[in-house]
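Taking the numbering used here, I'd label the letters of the sequence shown as residues 27 to 328. Beta carbons: idealized from backbone N, C-alpha and C, even for Gly.
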Amino acid sequence: MRKALTDQERQLVLEVFRLRYWQHRMNEDLKKKKFKIPIHVAIGHEALAAAVSRVMLKEDQLVLTHRNMAYNLARAGTLEEVYAEYQLSPAGAAGGKLGSMNLADRKRGVVYSSSVLGNNIPVACGLALAKQVKRDPGFVIVLTGDGAMEEGPFYEGLVFSKTIRLRMLILVENNDMSMSSTISQRRCDIDVQALCGSVGIPFRALRGNDPFEYLSALRAVRSLALEQETPVCMEAQLGSINQHAGPTPGWPTDPKNISLERGLVVEETDRDPLFVLKQRIGEELFEEFSNQVLSESGSMVS
Ligand SMILES: Cc1ncc(C[n+]2csc(CCOP(=O)(O)OP(=O)(O)O)c2C)c(N)n1
């Protein structure tokens, strides 16, 4: 028999469900071309985003990329403000001034997001350096992709952060995709663990999209960064199941034909955190959570 979930585990599961449901809602409106700006849905990133948001204490800072939707939703805890921001409305999380690719939300710990690949890593190093100089508590988490890590600032950030012992986590989201190219189509493999090892940065791999495992791995890494005053790097293997962002050259608008009508699960593989949760918590509890999020958020977006 499955062990009952603790209250904290229930919260984490609920968050993954909400992130999926809210992203479905965004995706439905993306299909209807309701956004005037490019938005990057992150269906497949929910387990990691929920765990990252949950590991953060109020003194921690988060630095994101163009694909920041799941993280901003997790930090905001609501669809409305992020949706309004994507509509460039004054009711948005940043007053409609930042839109999607650069959406930061300082009151919720999201200090900076960048649409320029690699550019957020030096910014994160600066934030971590400020913490060190001012003896402020907490650490900095910076996201990057398997495409963005091809930029020079990734390597420079590893060397710089290790040299001056910055408390930060460099988190690579490896979705084997940079716009319309896979890794093998565009470059040699990069062994991130070996690269980090070469400069003495601890490395942890994440795979499987189990939010419970991700949260405990992130908690361990946060302690390591703080206690040993070191940057740490993690590489998560995941899928951006919705592909890049709407009509990107090389991709059809919606190659998987993702539709909320077909349910919250999009892909019956471990690339889909909702499918992983279904296996983990069982069909009955899965239905319970689905019904809860569908009923509580049904009227959020017109
Ligand atoms: C310096 C720079 N070069 C190129 C681009 C164009 N561009 C935008 S997103 C993207 C793909 C990024 O891939 P990755 O970092 O793996 O993130 P993903 O979109 O897969 O989440 C590219 C090449 C850019 N924004 N900045």
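Bounds of any beta strand (DSSP E) do not take in Gly183; it lies within the alpha helix (DSSP H) bounded by Gly178 to Thr189. When rounded, the separation of the alpha-carbon atoms in Leu38 and Gly272 is 29 Å. Counting only the Cα atoms, Gly173 lies some 5 Å from Ser204.
Following the DSSP letters along the chain, one finds Cys222 inside the alpha helix (DSSP H) bounded by residues Val218 to Ser224.
For Ser139, the enclosing beta strand (DSSP E) stretches over residues Val136 to Ser139. If you check the CB distance, Thr256 and Arg306 do not come in under 8 Å. Between Asn317 and the set Glu35, Ala246, Arg44 and Gln34, the nearest pair of CA atoms involves Arg44. Three or more beta-carbon pairs separated by less than 8 Å are not found between the region 143-160 and the region 107-115, which leaves the two stretches without contact. Counting only residues of its own chain and dropping the five nearest sequence neighbours on each side, Phe315 has a CB closer than 7 Å to the CB of Val39, Leu40 and Phe43.
The Cβ neighbour count for Ser206, taken over all protein chains shown within 10 Å, is under 16; the residue is labelled exposed. Annotated three-state conformation of Val291 is coil, per DSSP. Assignment of Glu199 by DSSP, reduced to helix, strand and coil, places it in the strand class. In this structure, His50 keeps its C-beta atom at 8 Å or more from the C-beta atom of Arg93. With contact defined as three or more Cβ pairs closer than 8 Å, the region 228-240 and the region 124-140 are not in contact. Between Leu252 and Arg193, the beta carbon gap of about 6 Å places them in contact (Cβ cut-off 8 Å). Restricting attention to Pro228, Gln211, Arg212 and Ser210, the CA atom closest to the CA of Val218 is found in Pro228. DSSP, reduced to helix, strand and coil, places Glu107 within a helical segment of the structure shown. In the pairwise beta carbon analysis, the region 149-166 is classified as not touching the region 67-79: fewer than three pairs are separated by under 8 Å. Per DSSP, Cys259 is one residue of the beta strand (DSSP E) stretching across Val258 to Gln263.
Residue nearest to Gly183 within the set Glu107, Tyr97, Arg212 and Gly144 is Gly144 (criterion: CA-CA distance). Using a 10 angstroms sphere on the CB of Ala262, the tally of other CB atoms reaches 16 or more, which defines it as buried. DSSP, reduced to helix, strand and coil, places Ala73 within a helical segment of the structure shown.
Distance from the CA atom of Pro64 to the CA atom of Lys29, rounded to whole angstroms, is 42 Å. Approximately 14 Å separates the beta-carbon atoms of Leu169 and Val258; this is outside 8 Å, ruling out the contact.
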